[in-house]
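Start counting the sequence shown at 1; every next residue gets the next number (the UniProt record's numbering).
Even glycine gets a Cβ: it sits at the ideal position worked out from N, Cα and C.
Everything numeric in this text was worked out from a predicted model, so none of it was measured.
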Amino acid sequence: MLTKIINCSVPDSKKDHFSYTQQHWSALAHVNGFIGQLGGWDIDRPNEACIIGVWDDHESYTDFMKHTHDSLFYQSGQKQTYDSLQVNISEKSYLAPRVYRYFRSSAMETTYMVKTTLDLHSYEDDAITDLLKEVIHPDYRCLTNIVTRLDGNSVSIFTLYGVACPPKTTQNITHQHVRRIEQQHYRLEKKWLVLAHSGS
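What follows is the structure, given as structure tokens:
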């Protein structure tokens, strides 16, 4: 599974326009290999948006970028709505299920997304399994997690929650592999949600 992570800084005067143009990406629902996309605004930094797109694999994403992306992007006019944009691609990402096994079910119900970015001394699958137990708030309804390995030994875990937003769990993360932790909470925009017409 491939995950595309988009972080944008949007001025107050353009937030409504940015949100409107983000809805143009609904056309992704018809693209082969696309699974889903969701995003929202940082609760603590309301001018920061994060959007994640989930794809079957590298081939389907590359084909989309080659043949479809630019026409959607330029037709929407979204380039004029933000101050900065950063994109990260994780070709080694996977779902770590909780309430639901599939992205679709989780995305349809989620209201809040927590992004936990960890710099590790070394990347090991067993360590990620242990870290998930510390990242997830035990008192809140976690729907699923999207684990995205980034460059080097960095990983971002996107944890999807239902109607209640949990407090930060950084103080619970004590694993010996962790060098640095960042955590952001996002309230999702339902109109930004795009799901494939068929798939997981």
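- With a contact defined as Cβ atoms closer than 8 Å, VAL147 and TYR94 qualify at about 6 Å.
- Secondary structure of ASP130 (DSSP, three-state): helix.
- Excluding its 5 nearest sequence neighbours in each direction, LYS14 has C-beta neighbours in its own chain below 6 Å: THR81, listed in chain order.
- Per DSSP, reduced to three states, the secondary structure at THR62 is helical.
- The UniProt domain "DUF4937" (2-88) contains, as complete alpha helix (DSSP H) runs of 4+ residues, the segments 15-22, 58-67 and 69-76 (chain order).
- Shown here for VAL194: same chain residues with a beta carbon closer than 7 Å to its own, the five before and five after excluded, namely TRP25, SER26, LEU28, ALA29, GLY36 and GLN37 in chain order.
- With contacts defined by Cβ atoms closer than 9 Å, TRP55 and LYS4 form a contacting pair.
- The residue from LYS191, HIS137, GLY39 and ASN145 with its alpha-carbon nearest to that of THR170 is HIS137.
- In the DSSP annotation of this structure, SER156 is not part of any alpha helix (DSSP H); the continuous beta strand (DSSP E) holding it starts and ends at 154-161.
- Residue state for SER93 is assigned as strand, using DSSP reduced to three classes.
- In this structure, DSSP gives GLN176 a state outside helix and strand, which the three-state scheme calls coil.
- Taking C-beta separations shorter than 6 Å and ignoring five residues to either side along the sequence, the partners of PHE64 in its chain run VAL31, following chain order.
- Here GLY162 is near THR110, since their CB atoms are less than 9 Å apart.
- Here THR62 is exposed. Its C-beta has fewer than 16 other C-beta atoms within 10 Å.
- Here the C-alpha atom of ILE173 lies approximately 15 Å from the C-alpha atom of PHE158.
- Taken through DSSP and simplified to helix, strand or coil, ASP151 comes out as coil.
- Taking each of ARG104, ARG149 and HIS58 in turn and checking the Cα distance to LYS115, the smallest one comes out for ARG149.
- Look at ASP139 here: in three-state DSSP terms it is coil, with no helix or strand label.
- Counting C-beta atoms within 10 angstroms of its own C-beta, TYR112 has 16 or more neighbours from the protein chains shown and is therefore classed as buried.
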